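Using the numbering used here, read the sequence shown as starting at 34 and increasing by one per residue.
No residue lacks a Cβ here, since even glycine has one placed at the ideal position from N, Cα and C.
This one's a predicted model, so the numbers in the text were calculated from it and none came from an experiment.
Notes follow once the structure below has been shown.
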Amino acid sequence: MLHKTRGIVFKVTSYLETSVVVQIFTEKFGLQPYLINGVKKPRAKIRLNMLQPLHLVELVVYHKPNGGIQRVSELRNVPVFQTIPYNVLKSSLVLFLNEVLYKSIKQHFEDEPLFHFLFNSIQLLDRTEKGLANFHLSFLLQLSRYIGFYPDRTNEADALYFDLVNGCFTLKLPDHALTIRESELKYFKDLLRARFTGLEEMHLSTQDRRLLLENILKYYELHIENFSNVKSHHVLEVVLG
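Pasting the structure below:
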């Protein structure tokens, strides 16, 4: 049976000589693998450059409820990116966020709130020109809400520490070293309050931004099974300077 759905491209793997298997996070079915034949041929209807990381697509697909590799009848980029492919910083952000998402999202079922957050955030990144250096930090904290471990902000106002293991703000130093504290704690609180608005007003040093990202990635590693070895942030750090 044919279904129409929107999707977000996560990963492309070559299959035989001219085909690929594409992992696409869809609005109707969650994360699904799709076999697309002939994408590497010169006159392909669906071309490989339409399947770049986090490209937004509209699909007509054959869906088998029992799983396995699915098939695509039609695919087009909607909306077409206006800036991401041509902006080095935005392209680097997309590669990093794509790696995090692929390691974080595994569900093969509909999750509309998560899908809408991702779809709208990627569109916003394509349109946004300010606060880009902090976009990924805000994105990761907001994403944690949709995948189950958003920080408990009950004691945020007076807290001296953020406990990465238990995901909460606290006045007392935990009996482990996995915390955010001092100046990084202030910036962490600011990020939680800012969302995507006002990020250009956060003037973080390169070192502060790097430490915050390391802590947020550690937070992900503690709360997502098999989340480790994220590498693309090193490229992003070079671009950010």
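Asked	Found
When you compare only the Cα positions, how much space is there between residue 67 and residue 79?	12 angstroms
Could you tell me which of 226, 124, 155 and 215 sits nearest to residue 174, measuring between CA atoms?	226
Where are the beta strand (DSSP E) runs, 3 residues long or more, that stay fully inside the region 236-265, in chain order?	none
Return the first residue and the last residue of the alpha helix (DSSP H) that residue 163 is part of.	No alpha helix (DSSP H) contains residue 163, which DSSP labels as neither H nor E.
At the level of alpha carbons, what is the spacing between residue 186 and residue 163?	27 angstroms
Over what stretch of residues does the alpha helix (DSSP H) that includes residue 89 continue unbroken?	Unbroken run through residue 89 is the beta strand (DSSP E), 89-95; no alpha helix (DSSP H).
Given a cut-off of 8 angstroms, decide if residue 218 and residue 194 are closer than it, judged by their beta-carbon atoms.	yes
Would you kindly check if the distance between the Cβ of residue 147 and the Cβ of residue 87 is under 8 angstroms?	no
Out of 53, 188 and 38, which has the shortest C-alpha to C-alpha gap to residue 143?	38
What ranges does the beta strand (DSSP E) occupy inside the region 45-89, keeping only unbroken runs of at least 3 residues that lie completely in it?	52-59 and 63-69
Alpha carbon to alpha carbon, how far is residue 138 from residue 95? Give it in angstroms, no decimals.	22 angstroms
Please return the same chain residues whose Cβ sits closer than 7 angstroms to the Cβ of residue 46, not counting the five positions on each side in sequence.	53 and 54
Between the Cα of residue 188 and the Cα atoms of 196, 181 and 182, which residue gives the shortest distance?	196
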